[in-house]
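Here is the structure we will look at, set down as structure tokens.
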Amino acid sequence: MLDMEKEEMSADLKTPADSFIFNIGLADAIRLTMFGTLISVSRFVFQLPIGMPGHTSVYWMGLLMLGKGLIPKFGAGTIMGIVSGVLAIVFGLGKEGPLLAFKCIVPGVLLDILAILFLNKLESIWVGVIIGALLSWSKLLTSIALGVILDIPVVFLAVGFGYAALLHVIFGAAGGVLAAMLIKRLKPRLASSWQT
Amino acid sequence: MTNGKMRRRSGLLALLLFTVLLSALPLAAYGDNDDGPGNDQGVFKPLGLVSATLDNGTSIIKADNVPLKPKITMQFDKNVVSLIYWEKNKRCFHLYDENGKELALILSKINDTVDFTKRQYIWVEPAGQLAPGTGYRLYVAPDLVAKNGGSTLSMTTDNQGVTIRFKTAGEKIRQISGPAIAAEDAPPDAAAGSAGAALADNKITGGAGAASTTSTVTGSTGTEPAPDAAPEDTPVTGGSAAASKPLAEADLDQPNEAAPGEADAAKFAAVQRGRRLQNIVAAASGILLAGWAAVEVSRRKKKG
Amino acid sequence: MTVNKRIIAGILLLILIVGGSYFFEQITKAQGSRNGRLVPVIQHDETTAYLDAGVIRQLGRQEQEMNKDAGETGDNGDNEVSLGFVLGSAGVAGYQYIEVSGAGDSEDIKLGPRDIGGIVLSSNSNSTFAMADKAGGNRVIIKEVAKIYVAD
Numbered sequence: 186m187l188d189m190e191k192e193e194m195s196a197d198l199k200t201p202a203d204s205f206i207f208n209i210g211l212a213d214a215i216r217l218t219m220f221g222t223l224i225s226v227s228r229f230v231f232q233l234p235i236g237m238p239g240h241t242s243v244y245w246m247g248l249l250m251l252g253k254g255l256i257p258k259f260g261a262g263t264i265m266g267i268v269s270g271v272l273a274i275v276f277g278l279g280k281e282g283p284l285l286a287f288k289c290i291v292p293g294v295l296l297d298i299l300a301i302l303f304l305n306k307l308e309s310i311w312v313g314v315i316i317g318a319l320l321s322w323s324k325l326l327t328s329i330a331l332g333v334i335l336d337i338p339v340v341f342l343a344v345g346f347g348y349a350a351l352l353h354v355i356f357g358a359a360g361g362v363l364a365a366m367l368i369k370r371l372k373p374r375l376a377s378s379w380q381t
Numbered sequence: 002m003t004n005g006k007m008r009r010r011s012g013l014l015a016l017l018l019f020t021v022l023l024s025a026l027p028l029a030a031y032g033d034n035d036d037g038p039g040n041d042q043g044v045f046k047p048l049g050l051v052s053a054t055l056d057n058g059t060s061i062i063k064a065d066n067v068p069l070k071p072k073i074t075m076q077f078d079k080n081v082v083s084l085i086y087w088e089k090n091k092r093c094f095h096l097y098d099e100n101g102k103e104l105a106l107i108l109s110k111i112n113d114t115v116d117f118t119k120r121q122y123i124w125v126e127p128a129g130q131l132a133p134g135t136g137y138r139l140y141v142a143p144d145l146v147a148k149n150g151g152s153t154l155s156m157t158t159d160n161q162g163v164t165i166r167f168k169t170a171g172e173k174i175r176q177i178s179g180p181a182i183a184a185e186d187a188p189p190d191a192a193a194g195s196a197g198a199a200l201a202d203n204k205i206t207g208g209a210g211a212a213s214t215t216s217t218v219t220g221s222t223g224t225e226p227a228p229d230a231a232p233e234d235t236p237v238t239g240g241s242a243a244a245s246k247p248l249a250e251a252d253l254d255q256p257n258e259a260a261p262g263e264a265d266a267a268k269f270a271a272v273q274r275g276r277r278l279q280n281i282v283a284a285a286s287g288i289l290l291a292g293w294a295a296v297e298v299s300r301r302k303k304k305g
Numbered sequence: 104m105t106v107n108k109r110i111i112a113g114i115l116l117l118i119l120i121v122g123g124s125y126f127f128e129q130i131t132k133a134q135g136s137r138n139g140r141l142v143p144v145i146q147h148d149e150t151t152a153y154l155d156a157g158v159i160r161q162l163g164r165q166e167q168e169m170n171k172d173a174g175e176t177g178d179n180g181d182n183e184v185s186l187g188f189v190l191g192s193a194g195v196a197g198y199q200y201i202e203v204s205g206a207g208d209s210e211d212i213k214l215g216p217r218d219i220g221g222i223v224l225s226s227n228s229n230s231t232f233a234m235a236d237k238a239g240g241n242r243v244i245i246k247e248v249a250k251i252y253v254a255d
């Protein structure tokens with residue numbers, strides 16, 4: 186009796202898949218929401234006094250990639266991006282106002298595309314380096330675009346762009362490496378219980 | 002059987018709803034109107050002083066034997082040299098001597114529009130030579146603001162700003178009231194030098210053998226540290242002997258004499274409230290995370 | 104294409120991105136300096152700061168704010184900032200004179216510390232900024248400022 190109920194519950198978790206965006210099941214949607222929340226919270230909690238542009242990419246891109254690696258479905262990155270973007274607006278993180286959401290959504294969307302290009306092999310260290318760095322750089326580009334929209338003087342956007350790009354790439358790559366290592370270790374353990 | 006399935010499904014949904022609410026509530030509370038700096042200006046990371054060093058790399062904080070013309074490199078953890086706020090920021094730096102008299106400073110920076118890597122550094126240099134063996138207080142007001150326009154020094158200093166005390170190298174030169182003693186204790190040229198100028202308004206009474214740093218000074222027209230002075234203000238000049246303070250007391254016993262300057266107390270209070278809420282959000286997130294992990298573990302156990 | 108080939112392509116792309124970012128920065132500086140959209144402030148034969156129309160607008164707002172805080176009534180209009188404030192913000196102090204050049208064939212203007220009192224910079228609509236003499240009836244001295252040279 187108990188075993189049957191267990192089986193039913195397991196089946197229940199699999200059935201709602203069709204009813205969500207990107208064909209992602211309820212459990213995965215919730216997990217992605219959690220990752221999205223974690224991204225926003227981490228930006229808020231880990232306020233490291235490093236004073237280097239792009240250092241948040243270590244955990245920002247790291248968590249984004251970890252979520253995508255553990256739930257390798259198209260749209261996972263976008264959902265995390267949207268959730269973290271909405272929460273970032275609620276938190277009021279930054280001066281961009283509602284436009285801030287784009288800074289979170291763009292890397293999320295790009296992650297979905299890049300994951301396809303790299304055959305969803307996010308557990309590979311080199312893939313982690315490349316995707317993490319590209320995501321981080323896309324975040325920088327979005328910031329620059331928002332700066333142009335918000336009428337920030339061009340001199341502030343252009344000068345130091347090379348240095349900022351280099352650091353964003355480095356920190357993003359570091360986040361990607363961490364994510365790849367975690368995905369490699371966590372994925373086999375979670376595979377049995379997580380519906381992916 | 003169907004009832005059991007329904008029960009479980011409702012239980013799972015209730016749990017999910019609860020976790021979502023748990024995460025949403027503190028966030029919503031944080032974002033709510035005036036409870037934090039989260040709306041109009043955004044949440045800004047605090048601005049802090051990383052180090053204050055001399056040319057040779059040694060820290061000047063509580064240092065003795067500091068050269069008489071020190072060039073102090075102050076490193077902050079954010080961009081403090083932005084063109085937009087430089088005029089405001091350079092008024093945040095003040096140097097006081099033992100009598101609370103403000104001395105002129107030369108501030109320099111490397112613009113972030115020229116070299117992005119030096120945006121956290123400000124170089125501070127007294128305009129004139131300092132007096133030997135004398136204690137000084139370099140005060141950075143809490144109004145110091147980073148390029149983002151929201152991160153201020155008040156956030157990391159409890160709205161007090163930063164006070165750095167140091168003492169210059171050499172023997173302190175005392176100006177003595179009697180000409181006969183002056184001739185005995187100090188060379189005339191030194192007595193008339195910069196130290197003499199700094200202490201010119203004070204009458205010093207003390208035993209000939211008293212240690213210079215602990216000499217008690219009572220001045221008829223002594224100067225007080227300017228606790229509430231605005232950045233541009235000149236130090237307050239005491240009109241009576243009662244208004245002035247002994248050197249040691251003025252220098253050591255007033256850890257908070259460097260008051261907030263122009264910083265807006267209400268704004269600071271709002272920032273503090275925001276930080277408290279930030280802690281609540283962090284704690285709630287921690288609980289949420291732990292709950293999530295617990296649910297996952299229990300599900301795995303049930304399954305396996 | 105195998106994953107390894109994609110990884111190599113990705114790494115090359117990263118190198119290109121970083122190099123391209125530095126290149127973009129240099130190009131922007133060089134082009135901006137030529138067309139008056141990025142104005143260098145030169146002291147001791149070195150560029151100490153770059154200014155543009157956006158900076159002038161923001162400095163104008165900042166000056167007004169500081170004047171208000173100090174209880175003074177600045178007579179500068181919107182998008183205007185006094186030259187003294189700009190020089191101070193750029194970290195320029197203790198100079199003998201400044202020489203302001205305009206874009207194109209316009210004359211260079213020499214100003215001593217006492218002459219800059221009534222001089223203001225105001226942003227133009229084409230992302231450049233002009234220099235005007237407020238004291239002299241708001242007369243435009245240089246239509247598009249291209250360079251500010253500071254002599255000690």
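Residue numbers (this note's numbering), protein chains in the order written: chain P, 186 to 381; chain R, 2 to 305; chain U, 104 to 255. Heads up, the beta-carbon is just placed ideally off N, CA and C, and yes, glycines get one too.
Using the beta-carbon of each residue, which ones in chain P are nearer than 9 Å to U:F188? For this step, residue 188 of chain U is matched to residue 85 along the third sequence. Result: empty, since nearest Cβ-Cβ is about 16 Å, beyond 9 Å.
Check whether the Cβ atoms of R:A147 and R:G162 sit closer than 9 Å, and answer yes or no. As a working mapping, residue 147 of chain R is identified with position 146 in the second sequence. As a working mapping, residue 162 of chain R is identified with position 161 in the second sequence. Not a contact, by the Cβ cut-off of 9 Å.
Listing by chain order, which chain R residues have their CB less than 8 Å from the CB of P:M265? Position 80 of the first sequence, counting from 1, holds the residue named residue 265 of chain P. Going along chain R, no residue has its Cβ under 8 Å from P:M265, so there is no contact; the nearest lies around 14 Å.
Please state the DSSP three-state secondary structure of U:S225. Stepping through the third sequence from its first residue, residue 225 of chain U is reached at position 122. U:S225: strand per DSSP, three-state reduction.
If we ignore side chains and look at the alpha-carbon of each, how far apart do P:V291 and P:G266 end up? One-based indexing of the first sequence puts residue 291 of chain P at position 106. One-based indexing of the first sequence puts residue 266 of chain P at position 81. Taking the straight line from one Cα to the other gives about 7 Å.
Which same chain residues end up closer than 7 Å to U:Y200 when comparing Cβ atoms and leaving out the 5 residues on each side of it in sequence? Locating residue 200 of chain U in the third sequence gives position 97, where the first residue counts as 1. So the qualifying residues of the chain are K213, L214, G215, A254.
Would you mind listing the alpha helix (DSSP H) stretches within the stretch 303-359 of chain P that are 4+ residues and don't spill past its ends, in chain order? 310-334, 339-343
Identify the contact partners of P:G345 in chain R, using a Cβ-Cβ distance below 7 Å as the criterion. Here residue 345 of chain P refers to the residue found at position 160 when the first sequence is read from its first residue. Chain R residues near P:G345: D113, F117.
How about P:G282 and P:F356: are their beta carbons less than 9 Å apart? Along the first sequence, one-based indexing puts residue 282 of chain P at 97. Along the first sequence, one-based indexing puts residue 356 of chain P at 171. The answer is no: Cβ separation not under 9 Å.
With a cut-off of 9 Å, does the C-beta of R:I85 fall near any C-beta of chain U? Mapped onto the second sequence, residue 85 of chain R falls at position 84. Yes, R:I85 counts as interfacial toward chain U.
Taking the C-alpha atoms as reference points, what is the distance between P:S269 and R:S60? The count along the first sequence starts at 1 and reaches residue 269 of chain P at position 84. The count along the second sequence starts at 1 and reaches residue 60 of chain R at position 59. Straight-line Cα distance between these residues: approximately 41 Å.
Check whether the Cβ of R:K110 lies closer than 9 Å to any Cβ atom in chain U. Walking along the second sequence from the start, residue 110 of chain R turns up at place 109. True, the Cβ-Cβ gap to chain U drops below 9 Å.
Taking Cβ positions only, does U:I110 come closer than 9 Å to chain P? Within the third sequence, the letter at position 7 stands for residue 110 of chain U. Yes, U:I110 lies at the interface with chain P (some Cβ there is under 9 Å from its Cβ).
Secondary structure at R:Y31, three-state DSSP: helix, strand or coil? Position 30 of the second sequence, counting from 1, holds the residue named residue 31 of chain R. Interpretation of R:Y31 is limited by its pLDDT of 39, a score under 50 that renders its predicted location unreliable; the figure taken from the coordinates is listed afterwards. It is helical.
Cβ of P:T381 within 9 Å of any chain R Cβ: In the first sequence, residue 381 of chain P corresponds to position 196, counting from 1. Bear in mind that the predicted position of P:T381 carries a pLDDT of just 47, short of 50, making it too unreliable to give a figure here.
With contact counted as at least three CB pairs below 8 Å, one residue from each stretch, are the stretch 111-122 of chain R and the stretch 151-165 of chain R in contact? no
Helix, strand or coil for U:D148? Go by DSSP, reduced to three states. Position 45 of the third sequence, counted from the start, is the residue given in the question as residue 148 of chain U. In this structure, U:D148 counts as coil in the three-state DSSP scheme.
Suppose contacts are defined by Cβ-Cβ distances below 9 Å. Is R:I107 in contact with R:E126 by that definition? Against the second sequence, residue 107 of chain R aligns to sequence position 106. Against the second sequence, residue 126 of chain R aligns to sequence position 125. For R:I107 and R:E126, yes; Cβs fall inside 9 Å.
Any chance the stretch 186-206 of chain U sits against the stretch 114-125 of chain U, with 3 or more Cβ pairs inside 8 Å? no
With a threshold of 8 Å, are at least 3 pairs of Cβ atoms found where one atom belongs to the stretch 332-347 of chain P and the other to the stretch 222-231 of chain P? no
Using the beta-carbon count (16 or more within 10 Å), is R:T157 buried or exposed? For the purposes of this step, residue 157 of chain R is taken as residue 156 along the second sequence, with counting starting at 1. R:T157 comes out buried.
Taking C-beta to C-beta, are R:K72 and R:W124 nearer than 9 Å? Position 71 of the second sequence, counting from 1, holds the residue named residue 72 of chain R. Position 123 of the second sequence, counting from 1, holds the residue named residue 124 of chain R. A contact, by the Cβ cut-off of 9 Å.
For P:F303, count neighbouring C-beta atoms within 10 Å of its own C-beta (all shown protein chains included) and say buried if the count is 16 or more, exposed if not. Start at 1 with the first residue of the first sequence, and residue 303 of chain P comes out as number 118. Label assigned to P:F303: buried.
Just mark P:R374 as buried or exposed, buried being the case when its beta carbon has 16 or more other beta carbons within 10 Å. Locating residue 374 of chain P in the first sequence gives position 189, counting from the first residue. It counts as exposed.
Within-9 Å CB hit, P:M219 to chain R: Locating residue 219 of chain P in the first sequence gives position 34, counting from the first residue. At least one chain R Cβ lies under 9 Å of P:M219.
Would you mind giving the Cβ-Cβ distance between R:V67 and R:L145, rounded to the nearest angstrom? I have them listed as a contact below 8 Å. The residue labelled residue 67 of chain R in the question sits at position 66 within the second sequence. The residue labelled residue 145 of chain R in the question sits at position 144 within the second sequence. R:V67 to R:L145, Cβ: 22 Å. No contact.
Where in the stretch 67-147 of chain R do unbroken runs of the beta strand (DSSP E), each at least 3 residues long, occur, reported from the N-terminal end onward? 73-77, 94-97, 106-109, 122-127, 136-141
Report yes if the CB atom of U:G113 is closer than 9 Å to the CB atom of P:L319, and no otherwise. Residue mapping note: residue 113 of chain U aligns to position 10 of the third sequence, counting from 1. Residue mapping note: residue 319 of chain P aligns to position 134 of the first sequence, counting from 1. Contact: yes.
U:G163 CB to nearest chain P CB: under 9 Å? If you number the third sequence from 1, residue 163 of chain U lands on position 60. Closer than 9 Å: no.
Chain-ordered chain U contacts of R:K89 [CB-CB under 8 Å]: For the purposes of this step, residue 89 of chain R is identified with residue 88 of the second sequence, where counting begins at 1. The contacting residues are Q165, M169.
Contact set between the stretch 292-310 of chain P and chain U, restricted to residues whose Cβ is under 8 Å from the partner: L302, F303, L304, K306, S309
Residues in the stretch 336-363 of chain P with C-beta within 8 Å of chain R's C-beta atoms, listed in sequence order? V340, F341, V344, G345, Y348, A349
So, is U:K171 buried or exposed, given that buried needs 16 or more other C-beta atoms within 10 angstroms? What you label residue 171 of chain U is simply residue 68 of the third sequence in a count that begins at 1. U:K171 is exposed by the Cβ-count criterion.
Apart from the five residues just before and just after U:T131, which ones in its own chain have a Cβ nearer than 8 Å to its Cβ? Position 28 of the third sequence, counted from the first residue, corresponds to residue 131 of chain U. Here the set comprises L141.
Please work out which residues of its chain come closer than 6 Å, Cβ to Cβ, to R:V296, disregarding the five sequence neighbours upstream and downstream, and give them in chain order. Taking the first residue of the second sequence as 1, we reach residue 296 of chain R at position 295. So no residue of the chain qualifies.
Sheet register partners of U:M104 (DSSP bridge): Taking the first residue of the third sequence as position 1, residue 104 of chain U is located at position 1. According to DSSP, which records beta bridges pairwise, U:M104 is partnered with nothing at all.
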